[in-house]
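The block underneath contains the structure these notes are about, expressed in structure tokens.
Number of protein chains: 2
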Amino acid sequence: MQTLNVALGERAYPIHIGRGLFGRADLILPHLKTQRVAIVTNTVVGPLYLERLRAGLEAAGVRTVAVVLPDGEAHKDWETLNRIFDMLLAERCERSTTLVALGGGVVGDMGGFAAACYQRGMPFIQVPTTLLSQVDSSVGGKTAINHPLGKNMIGAFYQPRLVLADIDTLDTLPDRELSAGLAEVIKYGLIRDPEFLAWLEANLDRLVARDTDALAWAIERSCRNKAEVVAADETEQGERALLNLGHTFGHAIETGLGYGEWLHGEAVAAGTMMAAELSRRLGWIDTAAVARIEALFERARLPVWGPRMGVERYVELMSHDKKVEAGKLRLVLLRALGRAVMHGEAPAGEIAAAIEARCR
Amino acid sequence: MQTLNVALGERAYPIHIGRGLFGRADLILPHLKTQRVAIVTNTVVGPLYLERLRAGLEAAGVRTVAVVLPDGEAHKDWETLNRIFDMLLAERCERSTTLVALGGGVVGDMGGFAAACYQRGMPFIQVPTTLLSQVDSSVGGKTAINHPLGKNMIGAFYQPRLVLADIDTLDTLPDRELSAGLAEVIKYGLIRDPEFLAWLEANLDRLVARDTDALAWAIERSCRNKAEVVAADETEQGERALLNLGHTFGHAIETGLGYGEWLHGEAVAAGTMMAAELSRRLGWIDTAAVARIEALFERARLPVWGPRMGVERYVELMSHDKKVEAGKLRLVLLRALGRAVMHGEAPAGEIAAAIEARCR
Ligand SMILES: NC(=O)c1ccc[n+]([C@@H]2O[C@H](COP(=O)([O-])OP(=O)(O)OC[C@H]3O[C@@H](n4cnc5c(N)ncnc54)[C@H](O)[C@@H]3O)[C@@H](O)[C@H]2O)c1
Ligand SMILES: NC(=O)c1ccc[n+]([C@@H]2O[C@H](COP(=O)([O-])OP(=O)(O)OC[C@H]3O[C@@H](n4cnc5c(N)ncnc54)[C@H](O)[C@@H]3O)[C@@H](O)[C@H]2O)c1
Ligand SMILES: [Zn+2]
Ligand SMILES: [Zn+2]
Numbered sequence: 001m002q003t004l005n006v007a008l009g010e011r012a013y014p015i016h017i018g019r020g021l022f023g024r025a026d027l028i029l030p031h032l033k034t035q036r037v038a039i040v041t042n043t044v045v046g047p048l049y050l051e052r053l054r055a056g057l058e059a060a061g062v063r064t065v066a067v068v069l070p071d072g073e074a075h076k077d078w079e080t081l082n083r084i085f086d087m088l089l090a091e092r093c094e095r096s097t098t099l100v101a102l103g104g105g106v107v108g109d110m111g112g113f114a115a116a117c118y119q120r121g122m123p124f125i126q127v128p129t130t131l132l133s134q135v136d137s138s139v140g141g142k143t144a145i146n147h148p149l150g151k152n153m154i155g156a157f158y159q160p161r162l163v164l165a166d167i168d169t170l171d172t173l174p175d176r177e178l179s180a181g182l183a184e185v186i187k188y189g190l191i192r193d194p195e196f197l198a199w200l201e202a203n204l205d206r207l208v209a210r211d212t213d214a215l216a217w218a219i220e221r222s223c224r225n226k227a228e229v230v231a232a233d234e235t236e237q238g239e240r241a242l243l244n245l246g247h248t249f250g251h252a253i254e255t256g257l258g259y260g261e262w263l264h265g266e267a268v269a270a271g272t273m274m275a276a277e278l279s280r281r282l283g284w285i286d287t288a289a290v291a292r293i294e295a296l297f298e299r300a301r302l303p304v305w306g307p308r309m310g311v312e313r314y315v316e317l318m319s320h321d322k323k324v325e326a327g328k329l330r331l332v333l334l335r336a337l338g339r340a341v342m343h344g345e346a347p348a349g350e351i352a353a354a355i356e357a358r359c360r
Numbered sequence: 001m002q003t004l005n006v007a008l009g010e011r012a013y014p015i016h017i018g019r020g021l022f023g024r025a026d027l028i029l030p031h032l033k034t035q036r037v038a039i040v041t042n043t044v045v046g047p048l049y050l051e052r053l054r055a056g057l058e059a060a061g062v063r064t065v066a067v068v069l070p071d072g073e074a075h076k077d078w079e080t081l082n083r084i085f086d087m088l089l090a091e092r093c094e095r096s097t098t099l100v101a102l103g104g105g106v107v108g109d110m111g112g113f114a115a116a117c118y119q120r121g122m123p124f125i126q127v128p129t130t131l132l133s134q135v136d137s138s139v140g141g142k143t144a145i146n147h148p149l150g151k152n153m154i155g156a157f158y159q160p161r162l163v164l165a166d167i168d169t170l171d172t173l174p175d176r177e178l179s180a181g182l183a184e185v186i187k188y189g190l191i192r193d194p195e196f197l198a199w200l201e202a203n204l205d206r207l208v209a210r211d212t213d214a215l216a217w218a219i220e221r222s223c224r225n226k227a228e229v230v231a232a233d234e235t236e237q238g239e240r241a242l243l244n245l246g247h248t249f250g251h252a253i254e255t256g257l258g259y260g261e262w263l264h265g266e267a268v269a270a271g272t273m274m275a276a277e278l279s280r281r282l283g284w285i286d287t288a289a290v291a292r293i294e295a296l297f298e299r300a301r302l303p304v305w306g307p308r309m310g311v312e313r314y315v316e317l318m319s320h321d322k323k324v325e326a327g328k329l330r331l332v333l334l335r336a337l338g339r340a341v342m343h344g345e346a347p348a349g350e351i352a353a354a355i356e357a358r359c360r
């Protein structure tokens with residue numbers, strides 16, 4: 001087991017990464033406030049892992065209650081969030097009860113937002129079970145639900161007290177979901193970790209083949225990158241925004257097609273190609289660099305082209321995105337491979353051309 | 001105009017109290033992040049004051065949008081909150097847009113919670129227009145909506161950047177609402193300010209008669225008390241809980257009768273009498289002290305008896321309340337007039353007897 005620390009002063013917390021972790025109540029117990037836990041999971045993950053988590057806790061004397069939500073991004077909405085509140089209140093959970101989110105990013109984002117709001121804040125633990133949630137969404141305290149007019153529009157910054165990333169849970173993860181997680185892994189290499197990028201170019205096929213050691217290393221290195229960025233800029237006033245490489249384009253794809261059509265990571269991959277193409281047009285990276293990125297995503301079995309929705313629709317959806325300041329579209333672009341920057345001055349014509357060039 | 005400061009480090013903010021304030025854009029402008037404001041108000045307050053607020057801002061070059069919510073505690077729910085999000089997204093408000101809540105505590109609590117959640121947090125300004133919201137709810141950053149199973153169960157701690165308490169707006173406030181606000185004013189005297197309590201005993205009739213100088217002084221002194229408590233204990237780990245004198249009993253009344261039957265301040269007055277009676281039974285204050293409290297509330301035209309709902313129903317509703325820790329009912333009681341304490345050891349029989357004694 002590897003342990004990283006997210007250095008956030010009095011809100012600091014550990015990330016444990018390894019095998020056979022989530023049945024181990026001894027890892028969870030030190031972080032509970034009282035011997036009560038409310039578990040949030042969904043209809044896919046619950047049948048696979050809920051009982052083992054509960055059994056471990058109950059055996060250690062912790063009373064547990066659980067709610068099993070419908071699966072999928074389409075349910076990352078208020079109605080589903082409210083089911084968590086209904087359960088917490090029906091079970092008379094207190095503000096000292098700890099909420100544990102067991103699932104992927106959707107369960108983690110909703111569980112975290114529910115924990116942030118229930119009685120204005122209850123303790124919260126993440127048990128991420130997808131690659132994407134292990135390397136990205138479970139770390140850093142962003143929580144949210146979607147609104148029909150925009151993704152993740154309603155939420156909170158709310159840090160967990162512990163992240164338990166159990167690699168064993170990836171055994172049951174569908175290939176397509178594993179690939180989606182790899183999009184965020186590759187992202188860290190592209191925005192701030194050229195050494196990791198080189199490692200990925202050498203080892204990507206091991207990851208796709210689910211080599212456990214390779215996965216453990218990639219998760220640890222990704223979490224380390226995420227933790228560093230979050231510790232430096234918890235509420236995204238600056239550097240943290242760089243984690244959104246490909247996301248403004250990607251959110252347009254997700255919203256434009258309707259949540260759930262493309263996976264988040266797939267949209268991020270295609271969106272990153274648009275960001276790379278725009279960076280090339282600004283003269284920051286060359287054609288060979290764009291081709292290297294494309295090759296990595298392709299080896300990860302990720303889409304490298306956006307869907308044809310019309311450039312205007314893309315731009316309209318992108319300007320609904322959060323990364324808009326005073327009406328200006330601010331985008332994360334690549335100054336070099338391994339170095340992302342925030343840029344608010346890309347000409348509208350170049351943005352349109354980059355989108356156009358990367359749709360098929 | 002008087003100005004107080006809520007000393008919360010980098011989240012510190014001023015409270016301006018006086019006449020003719022809310023039309024003055026010069027007081028608001030320094031606290032905006034961009035020249036865009038989204039105003040949240042309701043069908044009662046909007047027709048009275050919205051245009052003056054908007055006109056002042058627009059004349060100063062600030063673009064404004066507004067949403068007018070249905071009036072009343074019964075609408076302090078998710079559906080109504082969502083109307084704020086709908087407006088913010090439809091108008092493409094950014095996370096740098098400032099949300100201004102213009103209204104009583106219901107509008108303030110919902111506007112504040114919406115601001116806390118919209119894109120994970122946008123700047124927020126309180127323009128409270130009821131006595132209760134001027135002396136209590138607009139200061140201190142508690143925001144929330146109700147859930148069918150409990151009041152204020154879903155919310156956030158989220159501080160405003162400015163509170164503008166304009167005494168002129170009280171001209172249109174119904175007598176019953178003025179009285180409800182006085183319950184919270186009296187509360188500050190009871191829990192921590194014996195000197196203010198004496199002033200209230202001497203001047204309560206001036207407040208009921210809406211003497212402007214008396215009101216200005218009572219609002220200032222109340223805000224000073226609230227600001228001190230909040231600065232010492234922002235997230236209610238300790239002292240801040242004392243502000244809930246009478247509230248656990250009161251919330252049982254509000255929930256038991258259905259939101260909106262009794263006003264919050266009315267329930268707090270009757271609830272405070274129950275807390276006083278329980279304090280007397282514990283031997284902390286004497287019958288004369290209870291009578292003094294009762295006399296003050298009666299002069300303020302507030303109820304001093306709870307509704308007959310059955311003691312068991314009270315206790316059941318009270319244990320749904322947030323002030324429960326590890327299954328124990330923790331209550332704010334009076335060690336003396338002007339000194340409240342948190343107490344978790346009152347015998348259940350005495351709690352029941354106190355409720356019984358103060359129902360009619
Ligand atoms: N909070 C953040 O910082 C952040 C960062 C990135 C993404 N996100 C959010 O995360 C979400 C995407 O997360 P995700 O990719 O984990 O999606 P997800 O939670 O929908 O999980 C993908 C699918 O895999 C299933 N699943 C989960 N674990 C499994 C397992 N061990 N075995 C088999 N099936 C399993 C899920 O039930 C679901 O059907 C999006 O909503 C996105 O907005 C948040
Ligand atoms: N956040 C906190 O710390 C805190 C503290 C105490 C109370 N509260 C909450 O505050 C709410 C009660 O606030 P309230 O008493 O202001 O109720 P309210 O907001 O419902 O206002 C009372 C009534 O007066 C109307 N009104 C408001 N201003 C007016 C004006 N100037 N002229 C004429 N009519 C006017 C309102 O529209 C409403 O009909 C409750 O929901 C309570 O939970 C919150
Ligand atoms: Zn992402
Ligand atoms: Zn109150």
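Residue numbers (the UniProt record's numbering), protein chains in the order written: chain S, 1 to 360; chain G, 1 to 360. Where is the CB? At the ideal position from N, CA and C, for every residue including glycine.
**OP:** Check residue 151 of chain G in the structure and name its three-state DSSP category.
**Re:** Within the second sequence, numbered from 1, the residue matching residue 151 of chain G stands at position 151. Annotated three-state conformation of residue 151 of chain G is strand, per DSSP.
Original post:
Just the Cα atoms here: how many angstroms apart are residue 204 of chain G and residue 290 of chain G?
Top reply: By 1-based counting over the second sequence, the position of residue 204 of chain G is 204. By 1-based counting over the second sequence, the position of residue 290 of chain G is 290. So the two alpha carbons sit approximately 17 Å from each other.
Subject >> Supposed contact pair residue 157 of chain G and residue 235 of chain G - C-beta distance, whole angstroms, cut 8 Å >> reply: Counting from 1 along the second sequence, the entry for residue 235 of chain G is found at position 235. Counting from 1 along the second sequence, the entry for residue 157 of chain G is found at position 157. Contact flag correct, Cβ pair sits at about 5 Å.
Original post:
Using CA coordinates, which residue listed in G:359, G:334, G:328, G:245 is at the minimum distance from residue 347 of chain G?
Top reply: Reading the second sequence from its first residue, position 347 is the one you call residue 347 of chain G. Ranking G:359, G:334, G:328, G:245 by Cα distance to residue 347 of chain G puts G:328 first.
Original post:
Of the residues S:58, S:190, S:280, S:47, which one's Cα is nearest the Cα of residue 103 of chain S?
Top reply: Here residue 103 of chain S refers to the residue found at position 103 of the first sequence. Ranking S:58, S:190, S:280, S:47 by Cα distance to residue 103 of chain S puts S:47 first.
Subject >> As assigned by DSSP and simplified to three states, the class of residue 18 of chain S >> reply: One-based indexing of the first sequence puts residue 18 of chain S at position 18. Residue state, collapsed to three classes: strand.
**OP:** Would you kindly check if the distance between the Cβ of residue 133 of chain S and the Cβ of residue 155 of chain S is under 8 Å?
**Re:** For this step, residue 155 of chain S is matched to residue 155 along the first sequence. For this step, residue 133 of chain S is matched to residue 133 along the first sequence. No, Cβ-Cβ distance for residue 155 of chain S and residue 133 of chain S is not below 8 Å.
Subject >> Through-space distance from residue 76 of chain S to residue 83 of chain S, alpha-carbon basis >> reply: For the purposes of this step, residue 83 of chain S is identified with residue 83 of the first sequence, where counting begins at 1. For the purposes of this step, residue 76 of chain S is identified with residue 76 of the first sequence, where counting begins at 1. Straight-line Cα distance between these residues: approximately 11 Å.
Original post:
Thinking just about the alpha-carbon of each residue, which of G:229, G:220, G:188 is nearest to the one in residue 165 of chain G?
Top reply: By 1-based counting over the second sequence, the position of residue 165 of chain G is 165. It is G:220 whose Cα lies nearest to the Cα of residue 165 of chain G.
Subject >> Chain-ordered chain G contacts of residue 359 of chain S [CB-CB under 8 Å] >> reply: Here residue 359 of chain S refers to the residue found at position 359 when the first sequence is read from its first residue. Ordered by position in chain G, no residue passes the 8 Å Cβ test against residue 359 of chain S, which lies about 24 Å from the chain.
Original post:
Taking Cβ positions only, does residue 155 of chain G come closer than 8 Å to chain S?
Top reply: Taking the first residue of the second sequence as position 1, residue 155 of chain G is located at position 155. Taking Cβ atoms only, chain S reaches closer than 8 Å to residue 155 of chain G, which makes this a yes.
**OP:** Would you mind telling me which residues of chain S sit closer than 8 Å to residue 85 of chain G, beta carbon to beta carbon, in chain order?
**Re:** The count along the second sequence starts at 1 and reaches residue 85 of chain G at position 85. 147, 153, 154, listed in chain order.
Original post:
According to the Cβ coordinates, are residue 267 of chain S and residue 254 of chain S closer than 8 Å?
Top reply: As a first step, residue 267 of chain S must be located in the first sequence, where it is residue number 267. As a first step, residue 254 of chain S must be located in the first sequence, where it is residue number 254. At a Cβ-Cβ threshold of 8 Å, residue 267 of chain S and residue 254 of chain S count as neighbours.
**OP:** Sort S:171, S:215, S:139, S:228 by Cα distance to residue 159 of chain S and report the nearest one.
**Re:** As a working note, residue 159 of chain S is residue 159 in the first sequence. Taking only the C-alpha atoms, the option nearest residue 159 of chain S is S:139.
Original post:
In chain S, which residues lie with their C-beta within 9 Å of the C-beta of residue 317 of chain G?
Top reply: Taking the first residue of the second sequence as 1, we reach residue 317 of chain G at position 317. Near residue 317 of chain G there are no residues of chain S at all, since even the closest Cβ is about 12 Å away, more than 9 Å.
Subject >> Secondary structure of residue 93 of chain S, DSSP reduced to three states >> reply: In the first sequence, residue 93 of chain S corresponds to position 93, counting from 1. Three-state DSSP puts residue 93 of chain S in coil, outside helix and strand.
Subject >> C-beta neighbour in chain S for residue 76 of chain G, strict 8 Å >> reply: As a position in the second sequence, residue 76 of chain G is number 76, starting the count at 1. Closer than 8 Å: no.
Original post:
In terms of residue numbering, what span does the beta strand (DSSP E) encompassing residue 166 of chain G cover?
Top reply: One-based indexing of the second sequence puts residue 166 of chain G at position 166. Membership of residue 166 of chain G in the beta strand (DSSP E) is indicated by the continuous run 162 to 166.
**OP:** Work out the CA separation of residue 88 of chain S and residue 27 of chain G for me, nearest whole Å.
**Re:** In the second sequence, residue 27 of chain G corresponds to position 27, counting from 1. In the first sequence, residue 88 of chain S corresponds to position 88, counting from 1. Going from the Cα of residue 27 of chain G to the Cα of residue 88 of chain S covers about 42 Å.
**OP:** Could you give the DSSP three-state label for residue 30 of chain G: helix, strand or coil?
**Re:** Looking up residue 30 of chain G in the second sequence gives position 30. Three-state DSSP puts residue 30 of chain G in a helix.
Subject >> 8 Å Cβ cutoff met for residue 245 of chain S and residue 284 of chain S >> reply: To locate residue 245 of chain S, count along the first sequence from 1; it is residue 245. To locate residue 284 of chain S, count along the first sequence from 1; it is residue 284. No, they are not a contact pair.
**OP:** Give the straight-line distance between the Cα atoms of residue 113 of chain S and residue 1 of chain S, rounded to the nearest whole angstrom.
**Re:** Against the first sequence, residue 113 of chain S aligns to sequence position 113. Against the first sequence, residue 1 of chain S aligns to sequence position 1. Their backbone Cα atoms lie some 28 Å apart in a straight line.
Subject >> Coil, strand or helix - residue 47 of chain S by DSSP >> reply: For the purposes of this step, residue 47 of chain S is taken as the residue at position 47 of the first sequence. Helix.
**OP:** Would you mind stating whether residue 40 of chain S and residue 111 of chain S have Cβ atoms separated by less than 8 Å?
**Re:** The residue labelled residue 40 of chain S in the question sits at position 40 within the first sequence. The residue labelled residue 111 of chain S in the question sits at position 111 within the first sequence. Taking 8 Å as the Cβ cut-off, residue 40 of chain S and residue 111 of chain S qualify as a contacting pair.
**OP:** Helix, strand or coil for residue 103 of chain S, going by three-state DSSP, please let me know.
**Re:** Position 103 of the first sequence, counting from 1, holds the residue named residue 103 of chain S. Residue state, collapsed to three classes: strand.
Subject >> Straight-line gap, residue 206 of chain G to residue 241 of chain G (C-alpha atoms, nearest Å) >> reply: Position 206 of the second sequence, counting from 1, holds the residue named residue 206 of chain G. Position 241 of the second sequence, counting from 1, holds the residue named residue 241 of chain G. About 30 Å.
**OP:** Specify whether the segment 180 to 187 of chain S and the segment 121 to 137 of chain S touch according to this definition: at least 3 beta carbon pairs, one from each stretch, less than 8 Å apart.
**Re:** Yes, since at least three Cβ pairs between the segment 180 to 187 of chain S and the segment 121 to 137 of chain S fall closer than 8 Å, the two stretches touch.
Original post:
First and last residue of the beta strand (DSSP E) that includes residue 5 of chain G?
Top reply: Here residue 5 of chain G refers to the residue found at position 5 when the second sequence is read from its first residue. Start and end: 2 to 6.
Subject >> Inter-residue Cα distance where the pair is residue 126 of chain G and residue 288 of chain S >> reply: Counting from 1 along the second sequence, the entry for residue 126 of chain G is found at position 126. Counting from 1 along the first sequence, the entry for residue 288 of chain S is found at position 288. Their backbone Cα atoms lie some 54 Å apart in a straight line.
**OP:** Can you have a look at residue 413 of chain G and say buried or exposed, based on whether 16 or more other CB atoms are within 10 angstroms of its CB?
**Re:** No information on residue 413 of chain G is available, as it lies outside the stretch 1 to 360 that chain G covers here.
**OP:** Measure the CB-CB distance between residue 249 of chain G and residue 318 of chain G and report whether it falls below 8 Å.
**Re:** For this step, residue 249 of chain G is matched to residue 249 along the second sequence. For this step, residue 318 of chain G is matched to residue 318 along the second sequence. Taking 8 Å as the cut-off, the beta carbon of residue 249 of chain G is found closer than this to the beta carbon of residue 318 of chain G.
Original post:
Taking the continuous beta strand (DSSP E) assigned at residue 342 of chain S, which residues delimit it?
Top reply: To locate residue 342 of chain S, count along the first sequence from 1; it is residue 342. It spans 339 to 343 - the beta strand (DSSP E) in which residue 342 of chain S sits, taken as one unbroken run.
**OP:** Report the residue from G:197, G:227, G:115 whose alpha carbon sits nearest the alpha carbon of residue 292 of chain G.
**Re:** Counting from 1 along the second sequence, the entry for residue 292 of chain G is found at position 292. Comparing alpha carbon positions, the residue from G:197, G:227, G:115 closest to residue 292 of chain G is G:197.
Original post:
Taking Cβ-Cβ distances shorter than 9 Å, what residues in chain S pair up with residue 240 of chain G?
Top reply: The residue given as residue 240 of chain G occupies position 240 in the second sequence. Listed along the chain, the chain S residues whose CB falls inside 9 Å of the CB of residue 240 of chain G amount to none; the nearest CB is some 12 Å away.
Subject >> Residue of G:25, G:195, G:44 minimising C-alpha distance to residue 59 of chain G >> reply: Residue 59 of chain G sits at position 59 when you count from the first residue of the second sequence. Per the Cα distances, G:25.
Subject >> Whole-Å CB distance - residue 215 of chain S paired with residue 167 of chain S, under 8 Å assumed >> reply: As a working note, residue 215 of chain S is residue 215 in the first sequence. As a working note, residue 167 of chain S is residue 167 in the first sequence. With a Cβ gap of about 6 Å, residue 215 of chain S and residue 167 of chain S count as contacting.
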